[in-house]
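The structure under discussion appears below in the form of structure tokens.
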Amino acid sequence: MRSIAFLGRGGQGIVFAGEVIAETLFEQGLYVAQLQSYGAEVRGGSVLSYVVFDRDRVENPFIESFSLAIVLHEAGMRRWMKHLEGSDLVILDELVSAELRNAVKLPISRVCVEKGVLGRENVVAIGVIAASGVLDPSVVERVLSRKRGFEKNIEALKLGLELGRDVADRVAAVLRL
Amino acid sequence: MRSIAFLGRGGQGIVFAGEVIAETLFEQGLYVAQLQSYGAEVRGGSVLSYVVFDRDRVENPFIESFSLAIVLHEAGMRRWMKHLEGSDLVILDELVSAELRNAVKLPISRVCVEKGVLGRENVVAIGVIAASGVLDPSVVERVLSRKRGFEKNIEALKLGLELGRDVADRVAAVLRL
Amino acid sequence: MGCSIVVDSRLCKGCGICVELCPARALELSKELSPSGYRNPVQTGKCVGCRTCEMFCPDFAIAVVCNGKGSA
Amino acid sequence: MGCSIVVDSRLCKGCGICVELCPARALELSKELSPSGYRNPVQTGKCVGCRTCEMFCPDFAIAVVCNGKGSA
Amino acid sequence: MVRALLSGNEAVAEGALAAGCNFFAGYPITPSSEIMHYMARELPKRGGSFIQAEDELAAINMVIGASWAGARAMTATSGPGFSLMQEGLGYAIMTETPLVIVNVMRAGPATGQATKAAQGDLMQARWGRHGDQMIPVLAPSSPQEAYDLTIEAFAIAEELRTPVVVLSDEFIAHGREVVELREKVEIPSRRKPRDPSEPPFGSPDPRIAPPMPPLGEGYYVIVTGSTHNEYGYRDVHSFETHFRLVKRLVDKIRLNVDKLFRYEVLGDDDAEVAIVCFGSVSRSAKQALRMLRSRGVRAKLLRLVTLWPMNDEVVRRELRSAKTIVVPEMNLGQLIYDVQRLAREDSRIVAVNKVGGGIPIYPSEIVEAALGGSR
Amino acid sequence: MVRALLSGNEAVAEGALAAGCNFFAGYPITPSSEIMHYMARELPKRGGSFIQAEDELAAINMVIGASWAGARAMTATSGPGFSLMQEGLGYAIMTETPLVIVNVMRAGPATGQATKAAQGDLMQARWGRHGDQMIPVLAPSSPQEAYDLTIEAFAIAEELRTPVVVLSDEFIAHGREVVELREKVEIPSRRKPRDPSEPPFGSPDPRIAPPMPPLGEGYYVIVTGSTHNEYGYRDVHSFETHFRLVKRLVDKIRLNVDKLFRYEVLGDDDAEVAIVCFGSVSRSAKQALRMLRSRGVRAKLLRLVTLWPMNDEVVRRELRSAKTIVVPEMNLGQLIYDVQRLAREDSRIVAVNKVGGGIPIYPSEIVEAALGGSR
Amino acid sequence: MSVAKHFSRKYLREEVLPTPFCPGCFNGVVMNAMFKAMEELGIEDLRNFVFVSGIGCSSWIPNPLIRADSLHTLHGRAVAVATGVKLANPRLNVVVIGGDGDLVAIGGNHLLHAARRNMDLLVVMVNNMVYAMTRGQLAPTTPLGFRTATTPYGNFEPPINVAKLLINTNANYVARWCVSNFHKLKQSFKEALSEVSKGFRFIEVVAPCITYVVRYEGKTPGQKIKELREACVEVKSISEIDDVERRGKIAVGVFKKELKPGYVELYESYASRAREASQK
Amino acid sequence: MSVAKHFSRKYLREEVLPTPFCPGCFNGVVMNAMFKAMEELGIEDLRNFVFVSGIGCSSWIPNPLIRADSLHTLHGRAVAVATGVKLANPRLNVVVIGGDGDLVAIGGNHLLHAARRNMDLLVVMVNNMVYAMTRGQLAPTTPLGFRTATTPYGNFEPPINVAKLLINTNANYVARWCVSNFHKLKQSFKEALSEVSKGFRFIEVVAPCITYVVRYEGKTPGQKIKELREACVEVKSISEIDDVERRGKIAVGVFKKELKPGYVELYESYASRAREASQK
Ligand SMILES: Cc1ncc(C[n+]2csc(CCOP(=O)(O)OP(=O)(O)O)c2C)c(N)n1
Ligand SMILES: Cc1ncc(C[n+]2csc(CCOP(=O)(O)OP(=O)(O)O)c2C)c(N)n1
Ligand code: SF4
Ligand code: SF4
Ligand code: SF4
Ligand code: SF4
Ligand code: SF4
Ligand code: SF4
Ligand SMILES: [Mg+2]
Ligand SMILES: [Mg+2]
């Protein structure tokens, strides 16, 4: 059993990212469980979305740490700090200020600004994961093709695949079943 | 503890009779409990109203027989036959056809027709009880004076007091505390 | 030919509507009580067959028969 | 004497209503993001003090000052 | 002290007026309507407010509004109306709104037999609304107690800032008995916050209700049925705020169990037979107790006056000696769950269930159950 | 067999459609709305009826009307709406109207935390309405089970002519998992009376529901929520009619407990530690069980799928060996009353209560409670 | 020749007669008008009808009196249940009969929304000006000054004119008659059951409760009918309603009559749009 | 000179700002109009006001935003709670603010009966044409053809014109404005808070939800305001309403303005009758 989490704030497409990951892994033939935590009444509040996956049915989706967590905004972090501390690997957007022994920083938001895909930090992050080979990029593309904003998303995905090359091994290590 | 019950059908003032008895005994300084059973939805159905009285607080008003029961119409009888059978004394209007070892018949309704107090069978019946001395007629009058149809009721009460003379001893015997 | 009324004494509750509304003043409430204890209407005058009594009888207890026929 | 606007960047959510409704076309949304991540209006033309922006700002974020005085 | 001959419904109304109730909103329903009629007659004369609501949803919510505006407020209803009031009741719990709600039980479910007594709403009184909550439920067994417990209910409501249910039934409601009316009734008046900074929705000791700021006095109070912090600000996101709030609200009742739990024990300490009951059935049960003891059976009666919160210790203790426990109820078995939970494992628990037609459970039936086979 | 990635809400809707549900009336409420959205999309296409009611009172009553008109009918809601539906539910029980009602639990009381999972409506699902009554309550622990149990709920509803509650929660509702969809689903179709003389509201064997005459086919059926005899005629006066009716209605569920009671037992037969749970918490509980056993503790898990009626024998038997019983619930303690009632007198019962903020009970917390002190 | 029977009898369940109503209760007259309309329309058998009622005296009209399928539902919920029946089986004629309290106090919201939706129902409101079944409390229709169990000093709450209110909804048909207007009332039933026969149709019948209104006033039922004949003034246009009411009279008439498609028809075309959309 | 602040700020709780609303949400504009009216009336402090709301986005206007006593009640029940507040303490100004779903769908009955009673409340309905808070389902006010989460193929249920409906009740004051009619809307608030200031007062504000209506249409909030300026036509008499609506426009205006005594006044004279009766 492995797990991937996205943390951020409302409006960053955190739940969308979880959905894409879940659908991709599902299409890759795995059992998945995708959960999220957000407040309908709090626009812009903290959001967590994560996917647990396994070769068999997921026994328990209520986990206390993640194999991989990607943090796109500080707002999403505070409530889940214990989870992050216990996680195998945490990728922080470079704008997120936090000290975690198990974290690496990546310039996800900077890439988005620079490459003109502002607001697609979530999809870039998916690309980062896909770079590890755990997600099959062609399946990710297929999943994205069923959703809105396909073209921009594909651009962002590509940027992520590139950005993720440096951490691909570490990501693969924590995610491989 | 003693008890007085009225049985009849809706519209005969059965509950009214219970009320008058209860208030009279209350004003005579006794503890009373007055209960009734009727259906709000069934106009003209069977009605039971009874009063339990005692020198001390009434322990249990849910009794399975009465000291005295007065039956003004058959409609009220059937459901409570066991109660009547177990009662000390039952007074039946002469139009009520029933065989009970402990019953006497009185021409209550006939008196009402003859003396022009049709519909006051209930008050005549109160008079019958009062004839025993267990109810103080002057208190009954006072109670009736607070209610509608006072004059006719006083007439009916008087008729009852007369009609009750013959059974006064038997009534007194079962009701005296 | 005249009309006459038929009263179902099982249903009539002696409300008197038929009597009061009969334009021909053909009805009266009987002095005697029915088995259910009500005074039923009886015909005491000429019925003109207007069927007012039928229409307003709330207990479906009265029917008007004209020329041997019930309501249309 | 002219009027000018004061924007509370803590409250402004960059909805653009003030900019779109300003009859004097005096406002624009800034290129930069506020700390809360929104583009706030900035004054780029002459404000005639009509207070439309104030009335329609749904986030109570803009105020118009004419002759050094806020809204009446 | 005045004595009056009152029906249970009249006694409830008299009790409410004695307790200073000055607001009533309700919707007619048999067999509770006479409470409403009484209040309709009395409140306008006495400077109080009375309103017939358009339905029970309106009634309970009007009562909530009135309570926040400073009134001592009450409603009364029966089964179907009580079902409709459940959401409002939950809101009153969440917002800590003092109010008294009288449910005069009749035979259900649905419209059932509207004029016939029953005791089928016990569990609903405890659990009828969604979410975590607890409210006091009091059950009178006579008009006298209907009077006393209505007063008591107001006292609890005001002291603990909580809705309180008075669970009456048609026998009590329409039965008339002698009631001793009190001359003077003292109900604690509401504590206002010392100053606007004192939190109206928080208390360091959960057993003590926070002060209640009345509307219109400059407290700028924020009342919400959503999860809120000590000052009333909504917080629908945090675990801590929610857990702290609902835990405190439940503890406010649960931890006051000693204060709230009223019961009556009669008979032999070392009883072999125990009768456990509540409400009007207790009258028969008392006679049954006397009958049993007169036959030489060591017997006791445990009558619960407070039906919620339950004092597990007391019930356990009182039932310890009993080999046979009879639970007569005018329903198909509700109080019996508590007895099963708290009685000795090896005791024989006998249910006497009877409901409908306005026929009470008679003493002989209880005696029979105690001595003979189970039903 | 098709596999799909579905949220619990979607799975409920898919289950309903698979079971032939062709009528849905509802009122939006978080976190159940997606069930409604799904039905809004699918039913018009498939020849069914969908209507957004003006409120939850309307929704449940529309469902009742539709069911009598022959539809397989459902509604879905959450806490506040469930509270409002209680009266209607009681009517459905009294009139033996088959329907399925899904309650997706969120943190209450009142509006509470609308988007956060909880399990606080368990007792309400059992007891929320007035009068004597009993209905089946099923609790899924995953989208797969949400699908399966919704189908099951329709089968029970149709067979026993009863409303059935499916008690989901926000975790299940919004969590997406892999669900295996069935190709063919058989739901018993309603039995019509052989002829108009066969009583539609009476049955010699209480375990068997009477036949249900659909409207519009010349049965001249009389349906009423008041007490009625075998042929539907109202009788609000007689004890016998009322008692016979409500007893039969309760027995219809109670005596079918063997058929209705579903549960899962994992672990050691002779366990010293037992975990008793239901719903989404079971997922953590299963992991906790594994953790305990891997530490050498003889442990078992008893997961209730059917929450009502309760099979006392099964629960008693399964808990017999346990010295310590852990009851993790996303509420302040509800299932625990059953455990107290049915566990050995000398067992140590440890509650793990946690609710709010969308934070689940974690396996480690259950393990800790099992091994260490109580919370 | 068989003994003549009242014309309503063929629509009734013989076994439950006599009615559960008080002597003189106008509920029976409302029934007569409806049955006369049915008779004139040639409706012999009610097997395609479903009657739905709530709780109240008038709710006993269909259940158990009328020999037809009927649902006696919760207080206030008849219109909601009827909506479910109609949508689940649109070929049924669904008729709601109920009291003023039932339909407008506790049930007001369902009435309003059924009218908004132009739901294909005929709703008959027996306005007896009081809550009769629960023994005479205030109804939203109780006239000013009237003493009831809950307004012992004389009602001060302004009453509602339900029919007038419903004009401003999407209802197809709105009529109001007094029980004394037998023929006009019958005519409305005929229209609502045939001519318009779709969408939401509302007929209010002013029929004061004998026990808690008429007898309180010291009148007999027959006298009340005569009084109503004077008091009920037919209006030909909506604007006259207020005038009539200002004169202390009761405005009656057909207040609205349209032939817009009802909800069922609208739903059906919606559903075909849905099917098209999904085929794309 | 202190830094200038928006005029609404003095009525708001600073500590809860920014608002919980989406960027551009018209709820804030409705608040501005109300606060402007208060400012012009010289109302500096809201301590004699009690605001009551139900559940919905617009229900957050009073709670927690407005610095005043406020009750955030159950979905649909605000008017009932407000009634209780008013009757228990008649000196308070009680204002209900809520959504179209809250006040007219689930809360329709309370609205209707408060209007019937001419209850002394000001009710402000923010008609955003949709259930916003629960993420965009059908409201009773949703225009025909509009796609929502529960009418994915385009709404076919005829919407309700709430203000028009309430004309035929006993309400004293009924007005309807679009959020674009800032000055007229403000004027209505002034009337309802001073001139008439008794009985039941209802102000509907058409203010489409930015997230589930305006953005769906591909428009910006500013564009929508401009569009509404064209679409909202003021009527001078009730009979014009239908004409305007037939032209696909939104009829706005003051539909009704009377000065009948409100419920509280009626109750007070009832109570004095009661006292007299009991002294006899
Ligand atoms: C939820 C609920 N509340 C109250 C009642 C009690 N109740 C039964 S009928 C009725 C009112 C009857 O008045 P109306 O609808 O006008 O009918 P009527 O008897 O006057 O014909 C009431 C309040 C009930 N059965 N259910
Ligand atoms: C009894 C109940 N049913 C449903 C809900 C869910 N709910 C919350 S707000 C809302 C509707 C909101 O629409 P509206 O009143 O128009 O307010 P808006 O958000 O559009 O301002 C609903 C259905 C609830 N909280 N309570
Ligand atoms: S109208 Fe009918 S019920 Fe009334 S008296 Fe005449 S026949 Fe009898
Ligand atoms: S038909 Fe007309 S005339 Fe004949 S009895 Fe009846 S009302 Fe009188
Ligand atoms: S209207 Fe207000 S919130 Fe919107 S951009 Fe302008 S200042 Fe900001
Ligand atoms: S006050 Fe008027 S002119 Fe000045 S910026 Fe605002 S809208 Fe433009
Ligand atoms: S109480 Fe009134 S409405 Fe009810 S049956 Fe009697 S007369 Fe008719
Ligand atoms: S969803 Fe709509 S109504 Fe709600 S805050 Fe956003 S824009 Fe405003
Ligand atoms: Mg009525
Ligand atoms: Mg809305």
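For the record, the sequence lines run as chains Z, H, P, V, G, D, R and Y. Per the working numbering, the very first residue in the first sequence carries number 960; after that it's consecutive. Per the working numbering, the very first residue in the second sequence carries number 960; after that it's consecutive. Per the working numbering, the very first residue in the third sequence carries number 15; after that it's consecutive. Per the working numbering, the very first residue in the fourth sequence carries number 15; after that it's consecutive. Per the working numbering, the very first residue in the fifth sequence carries number 32; after that it's consecutive. Per the working numbering, the very first residue in the sixth sequence carries number 32; after that it's consecutive. Per the working numbering, the very first residue in the seventh sequence carries number -15; after that it's consecutive. Per the working numbering, the very first residue in the eighth sequence carries number -15; after that it's consecutive. For every residue, glycine included, the Cβ atom is placed at its ideal position computed from N, Cα and C.
Return the first residue and the last residue of the beta strand (DSSP E) that residue i is part of.
| i | result |
| --- | --- |
| V:Cys17 | 17 to 21 |
| Y:Trp161 | 157 to 162 |
| G:Pro194 | 194 to 200 |
| D:Ser98 | Premise fails: D:Ser98 lies in the alpha helix (DSSP H), 87 to 99, not in any beta strand (DSSP E). |
Suppose you measure from the CA of residue i to the CA of residue j; what does that come to, to the nearest Å?
| i | j | result |
| --- | --- | --- |
| Y:Glu24 | Y:Met15 | 14 Å |
| P:Val78 | R:Asn145 | 37 Å |
| G:Leu297 | G:Arg321 | 10 Å |
| G:Gly388 | D:Ser269 | 5 Å |
| D:Leu363 | Z:Ser1046 | 30 Å |
| H:Val1001 | G:Glu85 | Legend: pLDDT at H:Val1001 = 45, less than 50; position of this residue unreliable, value from coordinates given subsequently. Going from the Cα of H:Val1001 to the Cα of G:Glu85 covers about 26 Å. |
| R:Lys241 | R:Tyr157 | 4 Å |
| Y:Arg131 | Y:Tyr251 | 46 Å |
Under the DSSP definition of a beta bridge, which residues are partnered with residue i?
| i | result |
| --- | --- |
| D:Ile82 | D:Ala56 |
| R:Phe19 | None, per the DSSP bridge assignment. |
| G:Thr106 | G:Ile132 |
| Y:Gln121 | Y:Tyr115 |
| D:Gln144 | D:Ala138 |
Taking the alpha helix (DSSP H) that residue i falls in, what are its first and last residues?
| i | result |
| --- | --- |
| D:Leu320 | 312 to 325 |
| R:His167 | 166 to 174 |
| R:Arg213 | 205 to 215 |
If I'm right that residue i touches residue j with Cβ under 8 Å, what's the distance once you round it to whole angstroms?
| i | j | result |
| --- | --- | --- |
| G:Arg137 | G:Ala148 | 7 Å |
Quiz item: For the stretch 246 to 268 of chain G, which residues have a beta carbon sitting closer than 8 Å to at least one beta carbon of chain Y?
Solution: Listed in sequence order: Leu246, Gly247, Glu248, Gly249, Tyr250, Tyr251, Val252, Ile253, Val254, Thr255, Gly256, Ser257, Gly263, Tyr264, Arg265.
Quiz item: For the stretch 197 to 220 of chain G, which residues have a CB atom closer than 8 Å to at least one CB atom of chain H, in sequence order?
Solution: So the list reads Phe202, His205, Gly206, Arg207, Glu208, Val209, given in the order they occur along the chain.
Quiz prompt | Short-range partners of chain R found in the stretch 131 to 155 of chain Y, where Cβ spacing is below 9 Å | solution = Sequence-ordered contacts of the stretch 131 to 155 of chain Y with chain R read Thr135, Pro136, Tyr137, Gly138, Asn139, Phe140, Glu141, Pro142, Pro143, Ile144, Asn145, Lys148, Leu149, Leu150, Ile151, Asn152, Thr153, Asn154 [C-beta pairs closer than 9 Å].
Quiz item: Which residues, taken in chain order from the stretch 978 to 1008 of chain Z, show a beta carbon closer than 8 Å to some beta carbon of chain D?
Solution: Residues of the stretch 978 to 1008 of chain Z that bring their beta carbon within less than 8 Å of a beta carbon in chain D comprise Glu978, Ala981, Glu982, Phe985, Tyr990, Val991, Ala992, Gln993, Leu994, Gln995, Ser996, Tyr997, Gly998, Ala999, Glu1000, in sequence order.
Quiz prompt | Residues of the stretch 25 to 37 of chain P with Cβ closer than 9 Å to any Cβ of chain R, in chain order | solution = When C-beta distances to chain R are compared with 9 Å, the residues of the stretch 25 to 37 of chain P below that value are Leu25, Cys26, Lys27, Gly28, Cys29, Gly30, Ile31, Cys32, Val33, Glu34, Leu35, in chain order.
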